[in-house]
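Residue numbers for the sequence shown follow the UniProt record's numbering, so the first one is 1 and each next one is one higher.
From the three backbone atoms N, C-alpha and C, an ideal C-beta is built for every residue, glycine too.
Note that the coordinates shown come from a computational prediction; the quantities given were computed from them, not determined experimentally.
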Amino acid sequence: MTILVRHATPADIPAMEALIARSGIELSAGFYTAAQAQAVTRYVFGVDTQLVADQTYFVIEKGGQLAACGGWSKRSTLFGADRTKQGADPLLDPATEAARIRAFFVDPSAARQGLGRMLLQHCTDAAAAGGFSTLELAATMPGVPLYQACGFEIIEPIEISLPGDVRVPLARMRKLI
């Protein structure tokens with residue numbers, strides 16, 4: 001089956017949002033409670049259109065179907081969709097700051113088939129070509145095993161508070177490239 005990694009386009013956004021919602025709920029099982037998965041999917045997950053505009057957000061098509069999406073960023077926002085951003089999102093200095101790995105989601109039907117790892121390598125190579133020597137991300141608990149297997153280390157736990165008095169743990173992670 002043909003696997004294609006390509007830049008995400010504005011036309012992909014509705015399909016990516018649907019994939020993100022499926023992934024956020026289904027792949028959180030065993031890591032988050034149902035309330036945590038629902039809250040983080042509703043209030044945090046989604047497409048950051050700045051990444052699409054910057055051409056640093058990608059999709060993986062498997063057999064012509066959207067199977068994964070994710071990207072890297074040269075901007076300061078660590079995580080979250082358009083609805084969570086406030087104000088400007090300034091560019092990072094590759095000489096002194098870490099590029100961000102952002103919004104990785106795999107369709108549940110394609111989970112654990114190496115697509116996340118493939119996308120992470122693609123983004124790592126692009127960030128390195130952009131002059132960055134370090135990557136940083138905010139991982140969900142379901143993502144931590146992948147990122148650790150790819151050489152990221154947890155540098156601090158994060159907990160976000162969401163509506164409905166729901167608290168969701170994340171992990172800030174870093175890797176030298």
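Alpha helix (DSSP H) runs wholly inside the region 73 to 139, at least 4 long, in chain order: Runs of the alpha helix (DSSP H) inside the region 73 to 139: 115 to 129.
Residue 144 - containing alpha helix (DSSP H), residue span: Against the sequence shown, residue 144 aligns to sequence position 144. Run containing residue 144: 144 to 149, per the alpha helix (DSSP H) assignment.
Test: residue 119 CB closer than 8 Å to a CB of chain B: Annotation note: the requested chain B is absent from the structure, which comprises a single protein chain.
Contact check, residue 6 vs residue 107, beta carbons under 8 Å: Along the sequence shown, one-based indexing puts residue 6 at 6. Along the sequence shown, one-based indexing puts residue 107 at 107. No; because the gap between Cβ atoms is not below 8 Å, this pair is not in contact.
Cβ contact (3+ pairs, closer than 8 Å) linking the region 92 to 102 and the region 71 to 81: The region 71 to 81 and the region 92 to 102 touch, with three or more beta-carbon pairs separated by less than 8 Å.
Span separating the alpha-carbon of residue 94 from that of residue 125: Numbered from 1 along the sequence shown, position 94 holds the residue referred to as residue 94. Numbered from 1 along the sequence shown, position 125 holds the residue referred to as residue 125. Straight-line measurement puts the Cα of residue 125 at about 14 Å from the Cα of residue 94.
Which of helix, strand or coil DSSP assigns to residue 39: Mapped onto the sequence shown, residue 39 falls at position 39. The three-state reading of DSSP puts residue 39 in helix, counting H, G and I together.
Where residue 116 falls, given that 16 or more other Cβ within 10 Å makes a residue buried: Within the sequence shown, residue 116 is the residue found at index 116, counting from 1. Answer is buried; the Cβ neighbour count reaches 16.
Residue from 35, 13, 15 and 30 with nearest C-alpha to residue 165: As a first step, residue 165 must be located in the sequence shown, where it is residue number 165. Nearest to residue 165 by alpha-carbon distance, out of 35, 13, 15 and 30, is 35.
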